[in-house]
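Heads up, the thing below is written out as structure tokens.
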Amino acid sequence: MIVKKLNNPTAERFIIEAMGLIEEKNGSIGVNLREISKRVGCAHTNAYNYFESFTDLMWYAFDRTLEKYLNTIITGLDNKLSGYQYFKKLVNNLLRFALENPGLYRFISSDPLDIKNIPEDVLQKVTKMKYYFIEVIMMLTRNRIPKKDAENVANIILSYLDGETFNLINERYLPEDKIEKRIVSNTILLFSKLTSTGSGNYSLKSNENKTSEFIFPTLEQ
Numbered sequence: 015m016i017v018k019k020l021n022n023p024t025a026e027r028f029i030i031e032a033m034g035l036i037e038e039k040n041g042s043i044g045v046n047l048r049e050i051s052k053r054v055g056c057a058h059t060n061a062y063n064y065f066e067s068f069t070d071l072m073w074y075a076f077d078r079t080l081e082k083y084l085n086t087i088i089t090g091l092d093n094k095l096s097g098y099q100y101f102k103k104l105v106n107n108l109l110r111f112a113l114e115n116p117g118l119y120r121f122i123s124s125d126p127l128d129i130k131n132i133p134e135d136v137l138q139k140v141t142k143m144k145y146y147f148i149e150v151i152m153m154l155t156r157n158r159i160p161k162k163d164a165e166n167v168a169n170i171i172l173s174y175l176d177g178e179t180f181n182l183i184n185e186r187y188l189p190e191d192k193i194e195k196r197i198v199s200n201t202i203l204l205f206s207k208l209t210s211t212g213s214g215n216y217s218l219k220s221n222e223n224k225t226s227e228f229i230f231p232t233l234e235q
């Protein structure tokens, strides 16, 4: 990703309008440079004064969406929370981003992307977010499971959350199904089952009302 004029307000407008269009179209499919440029108020060829290509612009929009996602994830998380409260809040934050920004969530979660050519700085941000989740799991289990196992637990939990989140934003659930509450409850149960190692098991639920025993990892930009 190379912005030719990084601090130019027009370049910023291109990124903002791209994200707005992605949200309106419920994902990046169908988004094109001419439509973005029309919103910016200039010819589509003007974009090449700031970005190498349309793909380059979309990676910037992707990166900015990750920042927005990150800021939502960490909202209200601090070391005053118990392990149960922290994990529950984290899951709720993940769901909240998708509910408030379904198009942007699709953009970073399921829309087709040329992953082989992902910019290095974007890859680092994605990796950092994943390892943050792994570190939370390691912390909650008091490092009693190997890091590789914690990574597997993270992959399984995040895959479950991703699938259920799409059910949520696509409204694929029965009216009587309290889906948000169920997703959070099932995620906590899944965590407990996957990290159960006899004496090494950490029960989130049993520590629901306790003060924090942990210094949680940070997820900063």
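Going by the numbering used here, the sequence shown opens with residue 15, and the numbers climb by one from there.
Every residue, glycine too, gets a C-beta built ideally from N, C-alpha and C.
{"Asked": "Nearest residue (CA-CA) to residue 55, options 31, 155, 70", "Found": "31"}
{"Asked": "For residue 116, the first and last residue of its enclosing alpha helix (DSSP H)", "Found": "116-123"}
{"Asked": "Uninterrupted alpha helix (DSSP H) stretches inside the stretch 178-213 (no shorter than 4 residues)", "Found": "193-208"}
{"Asked": "For residue 232, the three-state DSSP class (helix, strand or coil)", "Found": "coil"}
{"Asked": "Cα-Cα separation between residue 182 and residue 103, rounded to whole angstroms", "Found": "18 Å"}
{"Asked": "Minimum C-alpha distance to residue 119 - residue among 129, 184, 47, 201", "Found": "184"}
{"Asked": "Check whether residue 64 and residue 24 have beta carbons under 8 Å apart", "Found": "yes"}
{"Asked": "Anticipated Cβ contact below 8 Å, residue 143 with residue 233, distance rounded", "Found": "7 Å"}
{"Asked": "Limits of the unbroken alpha helix (DSSP H) element including residue 150", "Found": "134-154"}
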